[in-house]
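See below for the structure under consideration.
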DNA sequence: TTAATTTTTTAGATTTGTCTAAATTTTATT
DNA sequence: AATAAAATTTAGACAAATCTAAAAAATTAA
Ligand SMILES: [Mn+2]
Ligand SMILES: [Mn+2]
Ligand SMILES: [Mn+2]
Ligand SMILES: [Mn+2]
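Chains as they are written, first to last, in the working numbering: chain A, 1 to 219; chain B, 1 to 219.
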């Protein structure tokens, strides 16, 4: 079956929300998609009819197995295109999300598999998120939140919690990006800010909000 | 101003038709887009309002200067993507058109200019059609129709008259593609078929329709 | 130069995706 | 448990793009 761009955007958004939340709510999804709750309800009915969604009125919802499969296909396309934009076209890692938001809806299966081969089957996108393979499998992320990293343990930044331009702008300003090695030097309990150090730079403080948006792997 | 995918498809189709025809008619455009005349009329009104079209009821129409500029931008994207698909992703030259039909609607200007650079500023797409540069300029095609090529003059195939899968399938079957050197050996006036020869292959006959779909450059 | 034919436009519906405002259901608070 | 607040759904409207059928205009042919 083929899906419209609007349907695909809903499916993908539900997929991401249920990763975090388990059950997804109407308002949550409306906020995620910058639309209104009434519009969401309409689309939920349609996706339910198409058997992509387990949904009962007022009860919240989750994707069906079939819906999850569709979602993984869209996520695969999104992340492969992001990788292409950064690795081949020299985009900054903080400017690819909006373009990939469009490219992810190109329908050719052959295109995406050939792109995957051309890129040499990358496992992670520029934000550190795993890229599903053509059957929907992807590497698990066993990453810990920077806020939970013990003091003085070097760790590598491997992913970010959101793709908002605001976040990515701040990260760029602080020279924080995928692959950078960080160490937590102090934790301030008053506001939960932390002092971190990155290679050849004096330590600096980041806010709780920023630390929670960063995931690291101990090395 | 931003345009919908439907609007862009109309603009591009009008551009191609007026290249051949001068003035374009409602039915012509409906046929080109596989839609109905009534739908075309509706869209013409909209494009006129947006000043992309010189159009008076019942009089036929052409793009305005602004409309032509938009059209060239879409053509540029279409042909650059086709080049990418063939040169980088190893698509056959006969299978790229449908995918490019979608990719041409991705809106990022930065994307297309970076793609152009990545491809090293190609001048022609895989079908031999010139690719407009970022200001809309492109190489002129000074090609002659294969049906008009004099006997025994070697010439190089440089473009095809349409991208229909039917045509491209036939060309592939006959080993005819961009860059192939052909010579016309005989012309049969009964049905206007011609006998041609290509490198290391015995001569064979092609129909008038096929010969008219091929453009060559004398060498 | 009428009449027939073709082309084009209009009128009225339909589908998709969206919205606001009102109604309903659920959840939280007294 | 009753009431207030919040979340969700329904009702009704709208814009975009399409269609069919009918009307109007232009073209062609008698
Ligand atoms: Mn998207
Ligand atoms: Mn990403
Ligand atoms: Mn198109
Ligand atoms: Mn082409």
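The beta carbon of each residue, even a glycine, is placed where N, CA and C say it ideally should be.
- Contacts with chain B at 8 Å (Cβ-Cβ) do not include residue 4 (chain A).
- Note: residue 145 (chain B) is bridge-paired with B:215 in the DSSP secondary-structure output.
- Taking all protein chains in view, the Cβ of residue 43 (chain B) is crowded by 16 or more other Cβ atoms within 10 Å, so the residue is classified as buried.
- At a cut-off of 8 Å, the C-beta of residue 112 (chain A) has no neighbouring C-beta in chain B.
- Listed along the chain, the chain A residues whose CB falls inside 7 Å of the CB of residue 134 (chain B) amount to none; the nearest CB is some 15 Å away.
- For the pair residue 106 (chain A) and residue 79 (chain A), the Cα-to-Cα distance works out to about 13 Å.
- Listed in chain order, the alpha helix (DSSP H) runs fully inside the stretch 8-92 of chain B are 26-32, 37-49, 65-87, counting runs of at least 4 residues.
- No Cβ of chain A is located within less than 8 Å of the beta carbon of residue 12 (chain B).
- Of the candidates A:64, A:183, A:85, A:75, the residue whose Cα lies closest to the Cα of residue 47 (chain A) is A:64.
- The stretch 3-21 of chain B makes contact with the stretch 56-71 of chain B; the number of CB pairs closer than 8 Å reaches 3 or more.
- Scanning chain B for C-beta atoms nearer than 7 Å to the C-beta of residue 49 (chain A) yields nothing, as the closest lies near 25 Å away.
- With a cutoff of 7 Å, residue 141 (chain A) does not count as near ligand 2, since its C-beta is closer than that to no heavy atom of the ligand.
- For residue 152 (chain B), the distance from the CB to the nearest heavy atom of ligand 3 is not below 7 Å.
- Within chain B, the residues whose beta carbon sits less than 9 Å from that of residue 106 (chain A) are 99, 102, 103, 106, listed in sequence order.
- Apart from sequence neighbours up to five positions away, the residues of its chain that approach residue 191 (chain B) with a beta-carbon distance below 8 Å are 207, 208, ordered along the chain.
- At a cut-off of 8 Å, the C-beta of residue 118 (chain B) has a neighbouring C-beta in chain A.
- Taken atom to atom, the span from the alpha-carbon of residue 177 (chain A) to that of residue 152 (chain A) is near 19 Å.
- In its chain, beyond the 5 residues on either side, 211, 214, 216 have a beta carbon closer than 6 Å to the beta carbon of residue 146 (chain B).
- Bounds of the beta strand (DSSP E) holding residue 204 (chain B) are 204-206.
- When DSSP states are grouped into helix, strand and coil, residue 131 (chain A) belongs to the coil group.
- Nearest to residue 127 (chain A) by C-alpha distance, out of A:36, A:2, A:141, A:45, is A:141.
- Residues of chain B whose Cβ lies closer than 9 Å to the Cβ of residue 90 (chain A) are, in chain order, 114, 117, 118.
- In the three-state DSSP reduction, residue 166 (chain B) falls in the helix class (H, G or I).
- A distance filter of 6 Å between CB atoms and the heavy atoms of ligand 4 selects the following residues in sequence order: B:79, B:82, B:125, B:127, B:129, B:163.
- Distance from residue 194 (chain B) to residue 204 (chain B) at the Cβ level is roughly 10 Å; contact not present, criterion being Cβ atoms closer than 8 Å.
- Residue list for ligand 3: B:9, B:101, B:104, B:105 (CB closer than 6 Å to any heavy atom, chain order).
- Taken through DSSP and simplified to helix, strand or coil, residue 172 (chain A) comes out as helix.
- With fewer than 16 neighbouring CB atoms inside 10 Å of its own CB, residue 150 (chain A) falls in the exposed class.
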